[in-house]
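Here is the structure we will look at.
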Amino acid sequence: MPQTYEIAYAKSRSFQERPGNKRWRAEDESRSLHLQYAIPTQYLMPFWQSVLKNANSLQILNQSGEPVPYFKNPRLLFQSHDLKNAFSRETLQEALGLFQETVLQVLDPVHLDIRSCWLDIGFRDHATCSGPQAPSGPEPCTLLWKSRCHDHLHEKLSQVNPSTPLEADYFQGFLLRDIADYQSKATSIRASNPGRREQGDPGIIRFKAYNCIKEQVSVMFNSYNIFGSGYLPLLALNEDMIKSLSSMSEGGHGAPVTQMSRCSLLKAWKANKRHVRAISDTKSRTSYGIRKEMTFRLDTILTMWDRGYFDPSLSPHVGRLSWSASLMSNTANHHPFWIVPTRDINCLIFAQAARYIVPLDYLFLQASRSPTYSPPRLILAFYTAQLFCRLLMHCLNSERRFLYDNWIWQSRWAVKNGQKRRSKLERRGLGIGDSVITSGMPWIPQHCMDWSGGHIALETLVQIYLPRNPVHIRFIHQPNVQFTANKVSVEHCLQQWVQEARLEFGRGHRQRAEELVESITRLAVEEVARAYHLHMLSKVQQYWSRILPQKKLNALPHIRHLRQSQEESVTEVGRIVTAQTIWEIYDEAWRIYSDVHLGSPSEQTPAEIPCWKAARKLLPPADGWSEFVFRRLFGRPDQPTWNGLAFLKLYRRFVEIWEAIQEHTGPFDARFRRMIGHFILVTFNSDRTKEIGTNCNSGTWYENQPSFFRIQFWAPYFSPPVVMLYRMYN
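Numbering-wise (the working numbering), the sequence shown opens with residue 529 and increments by one.
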């Protein structure tokens, strides 16, 4: 047992001692059991006396200012859970009799909070007689709840206890329309008041009806779902893209996340497949039943028990029951469950799983073995893998449909508009849920997939809305989806235009070909500039996050103009980052910094920020702004150490695409260098070794200032306004 609270707390948070781990991993969930410590009985009385002494001496002030011993005379509470194995007997009457002998006769009823005790009562239906004879012997059978019967069940339960509303949840089984689990919980119609225990609690708080076949894919840990890790789709990307997305999700400066290495992801993928391979063995079949459980308040059950409701001789519904059920369709006797040979249902379940495992294996293998695959193709594969992984997880479990999976099930749905009240936004999805309703199992619509390419169709991807999923890591959210989808569509569009321009040149239609070349150049320049804007704003955000000591990071507000600029740069029609944008960001940042760090808000931003470089060495036309930007960022004679940045990779990719028409148009750089300065209107002061230059001159205002305020920028021209424009309009 830990000697101090600090030791116990450190042990309970030991997962934070490894960089990148933000929570218990699924395989570590059982470690919480080892954080419970037993108190030896000889120390229990001194321990409780010390608690009692401190509780009686503690006083707090009430609303009138008088001291009140609020915690006087506390009661020691013991809790026990999951005792069904200790008290399980053939009948409910016998189980309650054992409970009386073991608990009720030993404990003083005065010290027993009977309203906090709950009892689960249920039954299990299973096949005692085998089904049709198979060549290898008796054929095991499985019972499965019919999904359409749950509505009738919910209606009956609501009639039993009309004073307490029940909220129902339905869990679709194995992505099959006609199989489902059911759960309902009592909802309170009035506010809870723990200080008044005489306030009546509902006699029934929960009801469950579920299929026992789910036990074949379950483990002892709670909240376990096979193939449920949100990291697995990353295997569709190459190692560089995984690292890039990891850096993006952590703002470019987070600790490395061990789960996101390709090696660890591949081990997890193989372990999941090993699990499926083991449970799908046809030689290890068994019969599975169905269960119903209802959770009652203990005092309600004791009252019914005292009145003889659970005596099998008086009530035929509380003892063992058996009847014969025909496997043939019979309208006379309706059963709320299906009776299916275990072999058949297993073949269906694992055949569905194979529908997703096989293409996922292919996508993951191609990402590791084909380094020549273009990033857009890998991004398309990633979102396809994200879809297949979610379907794979659902087809092996009984799951409810969450809102963040609407993009899979719904074709269209509406959400509230956070910016405009009383208005709604329409979202679009794949609509796979419609095929489940019509055919009984999921089928991906024909128009949603590019079957020849083996991925989600590009025109579908750019239209659907993927909200952030809690089981996924932070980079899988709508802004990144939107940007990467646009990136894919841009490269795809450029390749088509290049092919079309090449054909037009070959046919002698030079005017039409030049129009296409002009469109290609402009689109390429715009997208490279967009990538540089996002990179610049991300770096500014990274420097801002370092402006305060690590222990005070939570006290540092976000810069509203910086976040707004990042969001605007991602959109299809992005906003160009200008010197005015940088000025607004730094003006707001200085006011926040002076308020949080210096202790008093500043009325005026110092003239030294942002730190602008004075002038370029040459003047136009020999050293125009566009030529200046090209030579500093894209055409340096000596390769810089920051040559692997995303915007430079995108630029080089466009150069490769251009090579197909270079013999007709000349080099890509000849056109690119004339236009890039119209879209990149502010840059960092970069050299070969440093991408971001800072003012380190001693004896100036910048000395001893945070690096954020010492970042140096270039712009073609800029005269800071005396009054900020956004203040004038606000």
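Just so you know, even glycine gets a beta-carbon here, dropped at the ideal spot from N, CA and C. Small disclaimer: the values here were computed from a predicted structure and weren't measured.
Asked, Found
"Do residue 1060 and residue 1208 have their C-beta atoms within less than 8 Å of each other?", "yes"
"From residue 931 to residue 797, what does the alpha carbon distance come to, in whole angstroms?", "26 Å"
"Could you name the residues of the same chain whose beta carbon sits closer than 6 Å to that of residue 590, not counting the 5 residues immediately before and after it, in chain order?", "596"
"For a test of the three-state rule: what should DSSP assign to residue 1136, helix, strand or coil?", "coil"
"Is DSSP giving residue 862 helix, strand or coil here?", "coil"
"Compute the Euclidean distance between the alpha carbons of residue 1062 and residue 1170, then round it to the nearest angstrom.", "16 Å"
"Using only the alpha-carbon positions, how far apart do residue 1034 and residue 981 sit?", "28 Å"
"Whole angstroms are fine: how far does the CA of residue 989 sit from the CA of residue 1007?", "Since pLDDT at residue 1007 reaches only 46, below the 50 mark, its modelled position is unreliable, and the value read off the structure follows with that caveat. Each residue's alpha carbon lies about 14 Å from the other."
"Would you mind giving the Cβ-Cβ distance between residue 653 and residue 867, rounded to the nearest angstrom? I have them listed as a contact below 8 Å.", "With 8 Å as the limit, residue 653 and residue 867 do not qualify as a contact, their Cβ atoms being about 10 Å apart."
"Which two residues bound the contiguous alpha helix (DSSP H) that contains residue 934?", "934-937"
"Assuming residue 920 and residue 765 are in contact, meaning their beta carbons sit under 8 Å apart, how far apart are those beta carbons, in whole angstroms?", "At roughly 18 Å, the Cβ-Cβ gap does not stay under 8 Å, so residue 920 and residue 765 are not in contact."
"For residue 842, which residues of its own chain have a beta-carbon under 6 Å away from its beta-carbon, when the five flanking residues on both sides are left out?", "836"
"Look at the alpha carbon of residue 667 and the alpha carbon of residue 875, and state the distance between them as a whole number of angstroms.", "14 Å"
"Pull up the distance between the alpha-carbon of residue 1094 and that of residue 804, whole angstroms please.", "43 Å"
"Kindly list the residues whose CB is nearer than 8 Å to the CB of residue 646, restricted to its own chain and excluding five residues on each side of it in sequence; keep chain order.", "733, 823, 824, 825 and 826"
"Determine the contact status of residue 1116 and residue 1087, defining contact as a CB-CB distance below 8 Å.", "yes"
"Go ahead and pull the three-state DSSP assignment for residue 955.", "strand"
"In this structure, what does DSSP give as the bridge partners for residue 991?", "DSSP, once it has assigned bridges, lists no residue as partnering residue 991."
"Is it right to say residue 983 is buried, meaning 16 or more other beta carbons lie within 10 angstroms of its own, or is it exposed?", "buried"
"Which same chain residues end up closer than 8 Å to residue 588 when comparing Cβ atoms and leaving out the 5 residues on each side of it in sequence?", "595, 596 and 598"
"What is the DSSP secondary structure of residue 548, counted as helix, strand or coil?", "In this prediction, residue 548 scores a pLDDT of 38, lower than 50, which makes its location untrustworthy; no coordinate-derived value is stated."
"Taking the alpha-carbon positions, what's the residue 1267 to residue 878 distance?", "Within the shown structure, residues of the chain are numbered from 529 to 1258, placing residue 1267 beyond reach of any answer."
"Using three-state DSSP, classify residue 559 as helix, strand or coil.", "For residue 559, the predicted structure reports a pLDDT of 46, less than 50, and the residue's modelled location is therefore unreliable. A value from the coordinates is still provided. Residue state, collapsed to three classes: helix."
"Alpha carbon to alpha carbon, how far is residue 1202 from residue 922? Give it in angstroms, no decimals.", "53 Å"
"Whole angstroms are fine: how far does the CA of residue 1068 sit from the CA of residue 1218?", "15 Å"
"Of all the beta strand (DSSP E) runs that stay within the bounds of the segment 1162-1240, which reach a length of 3 or more residues?", "none"
"Helix, strand or coil: which one does DSSP assign to residue 766?", "coil"
"Hey, quick one: how far does the alpha helix (DSSP H) through residue 622 stretch, first residue to last?", "620-627"
"Have a look at residue 1173 and residue 1106 and give me their C-alpha separation to the nearest angstrom.", "21 Å"
"How is the beta strand (DSSP E) around residue 734 delimited, first residue to last?", "732-739"
"How many angstroms separate the CA atom of residue 688 from the CA atom of residue 742?", "29 Å"
"Taking DSSP as the reference, what is the three-state secondary structure of residue 693?", "coil"
"Please name the residue, chosen from 959, 964, 1140 and 685, that lies closest to residue 991 on a Cα-to-Cα basis.", "959"
"Assign residue 965 to buried or exposed, taking buried as 16 or more other Cβ atoms, counted over all protein chains shown, within 10 Å of its Cβ.", "exposed"
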